[in-house]
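K.L.:
The structure's right below; bear with me while I get my questions together.
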Amino acid sequence: MSAHADPPEAFPDGLPGTSPATRRQFLRRVGAGSLAVAVGGMASEFLAATGAQGATAAAGKTLADLTLSFSNAAPTFDIATSFVGNISTMMLITQEPLVTYDNRLRLIPHLAAGWTQPRPSEYVFKLRPGVKFWDGTPLTADDVVYSFSRLLDPKFGSPLAGIFSNMKSVAVAGANAVSFQLATPDETFPYNLSLAGIVKRSVAEPLGRRYATPGSKIVGTGPFKITSYDSPQAVTLERFDGYWGTKPAIEKVSISVIPDETTRQLAMRSGSTIMCYDVSVDQIPAWLQVPHVAVPVAPGLETAYLSFDLSQKPWNDIHVRRAFAYAWNPQLVKAVMGTASTPATSIIPPGMWGNVLSASQVTALYARIAKYPFSLAKAAAELKASSSPKGFSASIAIPNTDPQLEKAALSLSQNLKSIGVKLNVTVEPQGAWLAYQNKHKNLGLQVQDHGPDFADPIDYFQSFYYSKQAVPNGQNTANYRSAAFDRLLAQQRGERNKQVRGRQLSQMLLLATNSLAYLPFWWTGFAISYRADKMRYTNLTSLCYLQTWPDHITAV
Amino acid sequence: MDYAAVSRFLLRRLAALVLVLVIISFVVFALLSLAPGSEIDVLLGTRPRSTVVVDALQREYHLNQPFLQRYGQWLGDAVRLRFGDSVSQGVPVTRLLSQRLAITVPLAGLAWAVTMLSGVAIGIAAALRRQRMLDRTLVGASIVGVSAPVFATGLFLLYLFGVALDWFPVYGTGSGVLGRLYHLALPSVALALTGTAFVVKLTRAAMISALEQDYIVFARARGLSPLRVIVAYALRNALIPIATTAGIVLGGLLSGTVIIEVTFALPGIGSLLVDSVNNKDIPVVQAVSLLVAGLIVVVNLLTDLAYMVIDPRIRVGTRPGVSGG
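Protein chains in written order, with this note's numbering: chain D, 974 to 1529; chain X, 990 to 1314.
Next comes the structure, spelled out in structure tokens:
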């Protein structure tokens, strides 16, 4: 059995060395922005406009109104019915999860006081005592049971059902405890619990899918209660004085939706908004032109990459894949996105390993990954050694919502031309592009921009390398199939020894990256912006939307 | 006025409206159904999918039924003014529409008022000073207004009046009548710039044509004041093409506000339509398409009726050559 202790009362300032960073990104909905999160602290690059440097928080000062803007509206405050956009950022400060992440992105208890694992396929979570809903009633195990059991109800139709598909049942297990029974052992199951907020059963159940939509009743345990929510475009929250945890230094949060990034910059300039999520990394220079604005940037956990369909020629030829790898010039990353994003050496960002390996172990592991420094001579040599030495033509489709990926593909196309490969780049509406990928036929070359759901490398491994994901609607667009890899995947799933699991995952990384089934482009940095003359955001993490992020804000 | 003829005219137009709406609804439904992608992709994204949930969603949104059966089901509900729930947002379509119309209608209305008042006034001034510096300046300025991209003029106005001068809010919809009008002032001006040039040029041409008529010479010779000559004689006779333009401009404003809505963060019908098309949210797209089509037909009808008021010689509902009552 393993036990997990209560979280520390306050988040430590700063992060050690190459701090792990995790990031999760929803697939961008067409027309919608994306929510991005980053790791702040010592490992991050902190960019500030003139006048903002040196601003310090005044102890004990309260921010009367945090005016916060997003690029898109979440249609509901219930992630169980709509898992898009910035819903986590809003939901989880009102309806909290059982677990959350600390500043080093390690999973820690939140509404749960801790958990045990009496059997490989069972987790028992003990609820934190003294937690009350906004209406003064106590949080009960029954509320937790309902919050999760509805996810698997076909009539409810939750987008989280797939993530919780291994959860066989959830039941009350004694006073203030909940037991989760899994179909098969899964050491990463607790991560999933960070995604789902706990709702009050007596309020949510009668409303079903209409719960937490604009105008409906919403009750949570979070530090902020919703006082106005008639439309997704404008939401007002006020501090809940009966909150069980640290009282935020913010009295009110006014959320508005401003789709256009230039308009968000103007709003920040005028002071009508003092904090923005959804800062595009290529817009950071523009943000820095806004007076008094700080733009903390942190290494993200999102990766942009290209996949080769290993079930088709010529992509099943390692020499062809190496030719592409050598033809990719990572200088483009800096040119397009400045220093906010990092050229990638693997589709799994190093920040994903914080719960598995130490920082030095991660550094040593990534040093062993095969690298392909830009060299057209080497690219030509690889092509000459391949089954298509005279070159060939291919095409690649890019979703119209990702101009950076288009630039990457065009840059690669230009370089490949010089060695005899003609790569035709087309841009398609995202719906059509996604529909084609989901069909999983004749995939050829595909591009993708992925952010994980939790801070563990298994998120990437089981999505992109697991053979059972090489199916329609699966994310293994490389059709990577390796018995050795699948075996390691199954072994680590039930491995409770952290060191053994770390070794298994390390082996999986080397196996996966050496196959070059995916050509990683960059790890996307994440930035937010805020008025440094009004507030300060400390310890920005890439999972801030899964944390009580107001705790990181102090008034100036 | 032949009220019977007008009534028959109205009935014919209403019948035509119904036919137009049915045709539009079928075409839109068909196009969206044919478009790649599925509502399931929108709802579930790229995350792991549960087949049980996929089946449930397909049943809920009738995605596993043949196209004509789905359309028939939708049409049957639409006739009873039941448009269902939005697939992507999970709220009743009628609620979404009413929320968005509360933004778009005043925005388009304000923009229309600015367009017509300024366009007609500038057009008259240009016509009266034809070929002179004022005429060239006004027409040139209006062409600049129509040439500048809407988002660029919107951002410029935002920066100047919202940030630099701090006279207007940068975003949001405001509350209450006055608050709403205050928040919509800048976006409506940005929206009006494009249509104003069109109205200016047309008003100028119509006024020039009217001012060259014999009855104007006669009116001046009779000693009528210049203001009366311009308004009661020239403008009155130039109003028919202006009324036509007013209808076209209003129809365009009601359906073409999406760029301004995005720039000024106004959740209106335009942005709802674009998001719904991208999300294959068929219930919403159908309802918005019908609404916009209906509004345009009604605006055209009102324009035709306006002709009768402007020019009593025009009789709608009667055959040409047959004099009215």
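Cβ atoms here follow ideal geometry from the backbone N, Cα and C, with glycine treated the same way.
As the structure is a prediction and not an experimental result, all values here were calculated from the model.
(1) Note the first and the last residue of the continuous alpha helix (DSSP H) segment covering Glu1250 (chain X).
(2) Roughly how many angstroms lie between the CA atoms of Gln1285 (chain D) and Ala1207 (chain D), to the nearest whole one?
(3) Within this structure, are the beta carbons of Ile1501 (chain D) and Leu1036 (chain D) separated by less than 8 Å?
(4) Any idea which residues DSSP pairs Trp1088 (chain D) with across the strands?
(5) Report the residue ranges of all alpha helix (DSSP H) runs contained in full by the region 1174–1250 of chain X; include only those spanning at least 4 residues, in chain order.
(6) Can you pull the chain D residues whose beta carbon is under 8 Å from the beta carbon of Phe1187 (chain X), in chain order?
(7) Measuring only the C-alpha atoms, how far is Arg1001 (chain X) from Ile1012 (chain X)?
(8) Using only CA atoms, which one of D:Asp1233, D:Thr1486, D:Val1230, D:Gly1193 lies nearest to Gly1215 (chain D)?
(9) Between Arg1242 (chain D) and chain X, is the shortest Cβ-Cβ distance under 8 Å, so that the two count as touching?
(10) Can you give me the C-alpha to C-alpha distance between Ala1169 (chain D) and Ser1260 (chain X), rounded to a whole angstrom?
(11) Tell me, please, which residues DSSP counts as bridged to Arg1504 (chain D).
(12) Is there a Cβ of chain X sitting closer than 8 Å to that of Ala1025 (chain D), yes or no?
(13) For Asp991 (chain X), go through chain D and note every residue whose CB falls closer than 7 Å to its CB, in chain order.
(14) Tell me the residue span of the alpha helix (DSSP H) that contains Gln1472 (chain D).
(15) Tell me the rounded alpha-carbon separation between Ala1016 (chain D) and Val1270 (chain D).
(16) Roughly how many whole angstroms lie between the Cα atoms of Ala1451 (chain D) and Arg1295 (chain D)?
(17) Quick check: is the beta carbon of Phe1150 (chain X) nearer than 8 Å to any beta carbon in chain A?
(18) Taking Ile1231 (chain D) and Ala1254 (chain X) to be in contact with their CB atoms under 8 Å, please state how far apart those CB atoms are, rounded to whole angstroms.
(19) Taking Leu1284 (chain X) as the reference, which of X:Val1266, X:Leu1006, X:Pro1176 has the closest Cα?
(20) Buried or exposed: Trp1156 (chain X), going by 16 or more other Cβ atoms within 10 Å of its Cβ?
(21) Looking at C-alpha atoms only, which residue of X:Thr1292, X:Ser1244, X:Val1298, X:Asp1300 is the closest neighbour of Ser1278 (chain X)?
(22) In the structure shown, what three-state DSSP assignment does Ser1227 (chain D) receive?
(23) Tell me the DSSP secondary structure of Ser1142 (chain D) in three-state form.
(24) Can you pull the chain D residues whose beta carbon is under 9 Å from the beta carbon of Val1135 (chain X), in chain order?
(25) Check the Cβ of Asp1375 (chain D) against every Cβ in chain X and list those closer than 9 Å, keeping chain order.
(26) Following the continuous alpha helix (DSSP H) through Met1241 (chain D), name the residue where it begins and the one where it ends.
(27) Taking 8 Å as the threshold (beta carbon to beta carbon), is Ala1179 (chain X) in contact with chain D?
(28) Given Phe1098 (chain D), which residues of its chain have a CB within under 6 Å of its CB, disregarding the five upstream and five downstream residues?
(29) Pull up the CB-CB distance for Thr1276 (chain D) and Trp1496 (chain D), whole angstroms please, since I reckon it's below 8 Å.
(30) Pull up the distance between the alpha-carbon of Asp1549 (chain D) and that of Lys1225 (chain D), whole angstroms please.
(31) So, are the CB atoms of Ala1102 (chain X) and Leu1180 (chain X) less than 8 Å apart?
(32) What does the alpha-carbon distance come out to for the pair Arg1079 (chain D) and Ile1247 (chain D)?
(33) Hey, would you say Phe1140 (chain X) sits closer than 8 Å to Ile1248 (chain X), going by beta carbons?
(34) Classify Asp1524 (chain D) as helix, strand or coil using the three-state DSSP reduction.
(35) Would you identify the three-state DSSP class for Ser1284 (chain D), choosing helix, strand or coil?
(36) Tell me the residue span of the alpha helix (DSSP H) that contains Gln1275 (chain X).
P.N.:
Reading from the atomic positions:
(1) 1247–1252
(2) 49 Å
(3) no
(4) D:Phe1098
(5) 1203–1210, 1225–1244
(6) Those do not exist, as Phe1187 (chain X) stays about 26 Å from chain D at its closest Cβ, beyond 8 Å.
(7) 17 Å
(8) D:Gly1193
(9) yes
(10) 29 Å
(11) D:Val1266
(12) Below a pLDDT of 50, predicted positions are generally treated as unreliable, and Ala1025 (chain D), at 32, falls in that range; no measurement from the model is reported.
(13) By Cβ distance, chain D contributes nothing, its closest Cβ being about 48 Å from Asp991 (chain X), past 7 Å.
(14) 1471–1488
(15) With a pLDDT of 32 at Ala1016 (chain D), under the threshold of 50, the predicted position of this residue should be treated as unreliable, though the coordinate-derived value follows. Approximately 10 Å between the Cα atoms of the pair.
(16) 15 Å
(17) Here chain A cannot be found, since the structure's protein chains are D and X.
(18) 4 Å
(19) X:Leu1006
(20) exposed
(21) X:Ser1244
(22) strand
(23) strand
(24) Those within 9 Å of Val1135 (chain X) in chain D number zero; the least Cβ separation is about 22 Å.
(25) Ordered by position in chain X, no residue passes the 9 Å Cβ test against Asp1375 (chain D), which lies about 14 Å from the chain.
(26) 1234–1243
(27) no
(28) Leu1071, Ala1085, Trp1088, Val1151
(29) 6 Å
(30) Absent from the model: residue 1549 (chain D). The displayed extent of chain D is 974 to 1529, so no value can be given.
(31) no
(32) 29 Å
(33) yes
(34) helix
(35) coil
(36) 1271–1299
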